[in-house]
Each structure stands twice: as structure tokens, then as C-alpha cells.
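Notes follow the structure.
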Amino acid sequence: MPWTLYRYILVELLKLLAITTAVLVTVISFAAAVKPLSEGLLSPAALVRFVGFSAPTMIVFALPFAAAFASTLTFIRMAADNEVLACSASGLSYRSVLLPPIILGVAMTMGLFFTANYVIPYFYAQARQTIEHDIVTLLVNDLNSGKAFDRFPDRDLVVFADRAGERPPPVLPEADIQPTRLIELAGVAVGQLDHASRLRMDITAQRANILLFHQSDQSWATIALRDARYFDPTRGTLGEDEAVNIGPLKLPNPFRDRPKMFSLPQLRQIEQQPALYDRVREERDSLINALSGERLRQLVRSSLENDHTGNTVILASTGYGGYFALRAPDVRPGGTTIRMRADGDDPVTVEFAPAYEPGGVWAPTRRYEAQQATLGVEQISPERDPNLRVELTEVRVYDARLGGRSTEHSAMTLPRLLWPEPVLADDPRQIGLEPLINLARQPGYRDAPGVETASDNLQNRTVRLMYQITALIHDRAASAVACLLLTVLGSVLSIHLKGQMTLVVYFWSFLLAIITILLIYAGENVATSRPSPAYLYMGLGLLWSGNVLLAVITGWVYCRLARN
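Numbers 159 to 722, taken from our numbering, label the letters of the sequence shown in order.
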């Protein structure tokens, strides 16, 4: 066999392939860095690291075009110099001449499929960590220069501080996940904005700590404020708390979690445990919030309407450190709230006691009498039971510390209240998604506001995730196979169109490469656009149609060459 010829062709192919791939990868990597750089997520030093880590992830996009260009340039020069003609005259068939690009194409296909499934996800994670690491530096610099930090994507929070500095993170004895970084703040103000960027609540504190956590490619932060004071301008209420914890807050990142950022073993693990994926986890948490909120409303309403308890419900206070006993003669459900009214001379009453034991003596120190009250549920996080917010109207307050004298208020909001026992018997985060969806379909929950929608969203998101994983694996395989087909196509087109300008020949290879890549991504989008098997199979067919087109055209051109 003509090993000298094969070595010569392979060297030319590899040389052009390496140069073209390097140029394309560098250009695309800097283009990918434009968005985080313009949004202030990267410092100049971090930009170099980010480009270095993101460059390998661009090989999937660059390699098909580089392969087509290298094979086109190599064989059009050989055809122009009559080297291909000389090979034919010496008895070598076109199949023998095309063996080097076929071997290179097979190697690229296997290498690219392995790289896409095992190597590239690692560099995605490193590029993401570069941005997240640099965010901490930007946070400290912004706060020390008097600027506000408002880059938490899932919360409308604005953080101010007189001073900020990074310290070694503490060890949390009872925590499953340990913090990776600690930022200490002094003279802190945290504002929470509504959808119209209006201040909904502000909290001030002398000291605060920001702890940063990282696990399984997820990074988040928590803010702990000490001796905090808060003000709610929408209700005109003031409050104090020894400790206010905010979070978890996801760190900003342009690389929102997507299946393509996971390796093949990670994708298989997510197939078994969909809640590991952040968007499924968010939908699961929304359903947990809806279920726990509805269950809490049921418990409160049952106690208020139960004659055996004297139409009274006892709730724990997170702000005062005691207990509140709430009694209402007239209880009316109001969608997501419970409305209570006085009945003639029988008002809505609330009593506060600093301590309480079931079956023990109830010794209140403060009593509220109101004409109306509204009880609403506030969900802090799926890891904690929801709070209750009680708003009283036309209130008279009797305080034992005032010698029995009373004060009158037009409106008053009680501190955050909790059901004294776990709201849900079993921790819903520890059960599977299917049992959780079945729980939402039970008669006591399925008609509750938001439960049915949250259940449907969770089910649809889970199904779409399974389809995304299937489509992604096919995407990676189709992109890898396209390298082989484009390499061979560029070679046969160059021999067939000898005498044409190089750009003319490459135009057809480039055009077919563009069509193939577009069909691959269009097929992936169709397969994941709806949680329907019909869309999945239609998308997979469209995804592979580009490679089928390449194979047909390559075979047709080769047959024409073989007849000549």
C-alpha cells in the first residue's frame, strides 16, 4: 500500500486542520466572552482564564468547518497539481486516494464524541467557576467603592455596605455542605425591590456575613445579618430581629445550567434523579411550596372552625420568641388567605404568651381585639415551613405591662408566625417526584390555588428534561459523524470540481456544513419544544437529516467520479 502517499496527505490534512481549528476556536471563544465582559462579570485578568477554559468547548462548533476547509484545501491543490491524476494513472483508485481523509474523519468522529461527552463539560464547569470566583472580587470592590451590588439573578435584592472584606470561611458543624468563601460586611443595608423596581422592604444591620457555597456545579450565597432592623413601606411597619438570614441566592452566571454542560455519566445520573437538575428542582420546590402552604391553611382553618378547640389556633412566633393564640368567631376562606371577622360584640382576639406547653396553663401577657383580620401564607423556602402573616384592622391592644390600659390602632401586623409542628408529615424533598405529583392530585390538594399548575409544570419539566438528554446525546453523535462526512465531502468535491477557484469549492462545503449544523440544532429544538413523543421523534429525524443529506451528496459525487 502507498504509505508514503498516505502519510503525505495526512500531514497536509492535519496541518491545515490544526491551524484552522485554532483560529476558529480563538475567535469564537473571544466572542463568547463579550457578554460576561460587557456585563461586568469578568475582570481583565479573569478574561484570559475564561477564554482559556471556554476555548475547548468551542471545538464542537469549529471542527466540522475546519475539517471541510482542510480537506478542500488539501485535495484542490493536489487536483490542481495533477497529483490525483498521477495516482489514478499509477493504478490507485479514488477509494484508495480518499482513504486518508476517511481515516482522519473516523478518528475525528470518535474523538469529538468522546470530547463532547467527557472533556468539554469539565471546561464548561471551569469557565463557570472563573466567572463565579471573579464575582466575589467584583462584589467586594463594588461595596468598598460605595456602589450597590444587585447581581443576584433570582432575587431583586440590592446590597450596600460601608466596608467589605474576604476572610477564611468558617466550619459549620451541622451543615452537610461547607462554605467555600466568606465576605464580612460592616454598615449593611439590604433592599428588596418589586417588579417595578420600587422598594418593597429594607433591612439594615451593623454587621453581616455573606457565605458562598459550591456543590455539583451549583454556586449560591447566603446573607446573615445581625441585630437587624427592617421596614416595610407598603404597610408602614417596623421590626427588629437578632438575626435575619436571606438566601440561598444563586450567583450570577451567563452559563445557566443546561444539559449540554453535563458529561455523559452526569446525564445518566440526572435521568435517574431528575431533581439534580436545577430547573426541575425549582419546579419541585414550587410544588412543595404550594402543598405546604395549602396544608398550613387547612390546619389553621380546621382549628378555627373546631368547637373542641374553642375556635382557637396556637401559633409560634419567630420574632417575639413566644406563642400567639388566635380566635375568630367568623371564619371565611378567601382563596390564598383566611378572612376573619367579629360577630357583634365578639371580636377577633389574639393573645400573646411568652411560653406554652400543650395541656399546660395559658398565661397571656398581651391581648389584641380586632374587628377584622386577614391571615396569609408566606413561603420563605422549600427547606423551611411557611410563615403566617396576620393583619389586624381596628385593633385595641391590652398590655399587662401598662397596668391594664389599652391602646388603639387602625391596623397592625403581627410578627411572623409558624405552625408549632411540621406542616407536612414527611419531608417532600426526600421522596421521589412521582409520589410528590401523586400527592398533589389527592382531593385535599388538587383544587387548591397553584397546586395543579405547579404539579403540571413539574411533570412537563421532567418529561422535557428526559427528551433534552436524549436529543443532546443524538446531537453530540450527529455532530461527530458530520466531521467524517464533511471531510470526505470536501475531498470528493475538490477532485470533482478541479479547475474551479478554491473559494468556489469551499463555498459548497461550507454551505452544506451550515445546513447540517442548522438541521442538527433545529432538530434538537423541535425534540425538546413540547413534552410529546411525536415531537421527540420528529426532532430526532430532523436532527439526523443533515447527515443523511451529506451522505447522499457525497455518494452521488463519488459515483460521478468513479464513472469518469
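Idealized CB from N, CA, C, for every residue including glycine.
Can you give me the Cβ contacts of A671 inside the same chain, cut-off strictly under 7 Å, excluding the 5 residues immediately before and after it?
Taking the sequence shown and counting its residues from 1, one reaches residue 671 at position 513. Cβ within range, chain order: P222, F223, A226, L644.
Would you decide whether W520 is buried or exposed? Buried here means 16 or more other CB atoms lie within 10 Å of its CB.
Start at 1 with the first residue of the sequence shown, and residue 520 comes out as number 362. With fewer than 16 Cβ atoms within 10 Å of its Cβ, W520 is classed as exposed.
Helix, strand or coil: how does DSSP classify W577 here?
If you number the sequence shown from 1, residue 577 lands on position 419. Note: W577 maps to coil in three-state DSSP.
So, with DSSP's three-state summary, where would you put W666?
Position 508 of the sequence shown, counted from the first residue, corresponds to residue 666. Of the three classes helix, strand and coil, the one that applies to W666 here is helix, per DSSP.
Opposite Y679 in the DSSP bridges: which residues?
Taking the sequence shown and counting its residues from 1, the one referred to as residue 679 is at position 521. Answer is none; Y679 lacks a bridge partner.
With a cut-off of 8 Å on the beta carbons, I'd call M216 and I186 a contact; round off their distance for me.
The residue labelled residue 216 in the question sits at position 58 within the sequence shown. The residue labelled residue 186 in the question sits at position 28 within the sequence shown. With a contact defined as Cβ atoms closer than 8 Å, M216 and I186 qualify at about 4 Å.
For chain C, check one thing: does any of its Cβ atoms lie closer than 9 Å to the Cβ of L484?
Absent from the structure is chain C; it holds one protein chain and no more.
Does the Cβ of R634 have 16 or more other Cβ atoms within 10 Å, making it buried, or fewer, making it exposed?
The residue labelled residue 634 in the question sits at position 476 within the sequence shown. By the neighbour-count rule (16 or more Cβ atoms within 10 Å), R634 is buried.
Coarse secondary structure for E429, derived from DSSP in three states
Taking the sequence shown and counting its residues from 1, one reaches residue 429 at position 271. It is helical.
Kindly indicate the opening and closing residues of the beta strand (DSSP E) around T470.
Here residue 470 is taken as the residue at index 312 of the sequence shown, counted from 1. 470-475 is the extent of the beta strand (DSSP E) around T470.
By a C-beta neighbour count over all protein chains shown, 10 Å radius and 16 as the cutoff for buried, is T565 buried or exposed?
Along the sequence shown, one-based indexing puts residue 565 at 407. Exposure of T565 is indicated by the presence of fewer than 16 other C-beta atoms within 10 angstroms of its C-beta.
For F281, which residues in the same chain have their Cβ closer than 6 Å to its Cβ, ignoring the five residues on either side in sequence?
Start at 1 with the first residue of the sequence shown, and residue 281 comes out as number 123. Closer than 6 Å at Cβ, skipping near neighbours: F211, P214, T215.
Cα-Cα separation, A220 to V181
Position 62 of the sequence shown, counted from the first residue, corresponds to residue 220. Position 23 of the sequence shown, counted from the first residue, corresponds to residue 181. When rounded, the distance between both Cα atoms is 9 Å.
Let me check one thing: in DSSP terms, what residues is D504 bridge-paired to?
If you number the sequence shown from 1, residue 504 lands on position 346. Answer by DSSP bridge pairing, in chain order: D501.
From the DSSP output, in three-state form, read off G602 for me.
Indexing the sequence shown from 1 puts residue 602 at position 444. Reduced to three states, the DSSP call for G602 is helix.
Report yes if the CB atom of V489 is closer than 9 Å to the CB atom of Y526, and no otherwise.
The residue given as residue 489 occupies position 331 in the sequence shown. The residue given as residue 526 occupies position 368 in the sequence shown. The answer is no: Cβ separation not under 9 Å.
Do the region 500-517 and the region 468-487 meet, that is, are 3 or more Cβ pairs less than 8 Å apart?
Touching, per the Cβ criterion.
If I follow the unbroken beta strand (DSSP E) through L484, where does it start and stop?
The count along the sequence shown starts at 1 and reaches residue 484 at position 326. For L484, the uninterrupted beta strand (DSSP E) segment begins and ends at 481-485.
For G704, report the span of its alpha helix (DSSP H) as first-last.
In the sequence shown, the residue the question calls residue 704 occupies position 546. Start and end: 691-721.
Exposed or buried, what is C717 when buried is set at 16 or more other beta-carbons lying within 10 Å of its beta-carbon?
By one-based count along the sequence shown, residue 717 stands at place 559. C717 counts as exposed, since fewer than 16 other beta carbons sit within 10 angstroms of its beta carbon.
Here's a check: name, in chain order, each residue in its chain whose Cβ is nearer than 6 Å to the Cβ of L694, leaving out the five neighbours to either side.
Looking up residue 694 in the sequence shown gives position 536. Excluding positions up to five away in sequence, the list reads Y625, A685.
The ligand SAM heavy atoms versus the CB of I589: any closer than 8 Å?
Looking for the ligand SAM in the displayed structure turns up nothing, as the structure carries no ligands at all.
Tell me whether Y276 is buried or exposed, calling it buried when 16 or more other Cβ atoms sit within 10 Å of its Cβ.
Sequence index remark: in the sequence shown, residue 276 carries index 118 (1-based). Note on Y276: under 16 other CB atoms within 10 angstroms of its CB, so exposed under the neighbour-count rule.
Closer than 8 Å is the cut-off here; do at least three beta carbon pairs connect the region 611-627 with the region 653-662?
In the pairwise beta carbon analysis, the region 611-627 is classified as not touching the region 653-662: fewer than three pairs are separated by under 8 Å.
DSSP state of Q530, grouped into three classes?
Looking up residue 530 in the sequence shown gives position 372. For Q530, the three-state secondary structure derived from DSSP is strand.
Comparing C-alpha positions only, which one of W666, G648, A709 sits nearest to A237?
Within the sequence shown, the letter at position 79 stands for residue 237. Minimum Cα distance to A237 is reached at G648.
Return the first residue and the last residue of the alpha helix (DSSP H) that T230 is part of.
Translated into the one-based positions of the sequence shown, residue 230 becomes position 72. For T230, the enclosing alpha helix (DSSP H) begins and ends at 217-238.
Is there contact between the region 441-450 and the region 568-588, where contact requires at least three CB pairs shorter than 8 Å?
Segments in contact, yes.
Beta-carbon proximity list for F420, same chain, < 7 Å, skipping 5 on both sides
As a first step, residue 420 is located in the sequence shown; it is residue number 262 there, counting from the start. Excluding positions up to five away in sequence, the list reads P279, I428.
Based on DSSP bridge pairs, tell me the residues matched to V553.
Taking the first residue of the sequence shown as position 1, residue 553 is located at position 395. Residue pairing from DSSP places V553 in a beta bridge opposite A528, H567.
Euclidean distance between Cα positions of P487 and P417:
Reading the sequence shown from its first residue, position 329 is the one you call residue 487. Reading the sequence shown from its first residue, position 259 is the one you call residue 417. Within the model, the alpha-carbon separation for P487 versus P417 is close to 54 Å.
Contacts around T712, its chain only, beta-carbon distance under 7 Å, and the 5 residues preceding and following it disregarded:
What you label residue 712 is simply residue 554 of the sequence shown in a count that begins at 1. Only L643, V646, L647, V650 meet the Cβ criterion.
Nearest-angstrom beta carbon gap, I678 and L701 [assumed within contact, 8 Å]:
If you number the sequence shown from 1, residue 701 lands on position 543. If you number the sequence shown from 1, residue 678 lands on position 520. Their Cβ separation, rounded to whole angstroms, is 5 Å, which keeps L701 and I678 in contact under 8 Å.
Where Q600 falls, given that 16 or more other Cβ within 10 Å makes a residue buried:
The residue given as residue 600 occupies position 442 in the sequence shown. Residue environment: Q600 is assigned as exposed (fewer than 16 neighbouring CB atoms within 10 Å of its CB, all protein chains considered).
Going by C-alpha to C-alpha distance, which of V317, W378, T338, P327 sits closest to Q350?
Translated into positions along the sequence shown, residue 350 becomes position 192. Ranking V317, W378, T338, P327 by Cα distance to Q350 puts V317 first.
Report all residues from its chain with a CB closer than 8 Å to the CB of V169; omit the five preceding and five following residues, and keep chain order.
Here residue 169 refers to the residue found at position 11 when the sequence shown is read from its first residue. For V169, there are no CB contacts under 8 Å within the same chain when 5 residues up- and downstream are skipped.
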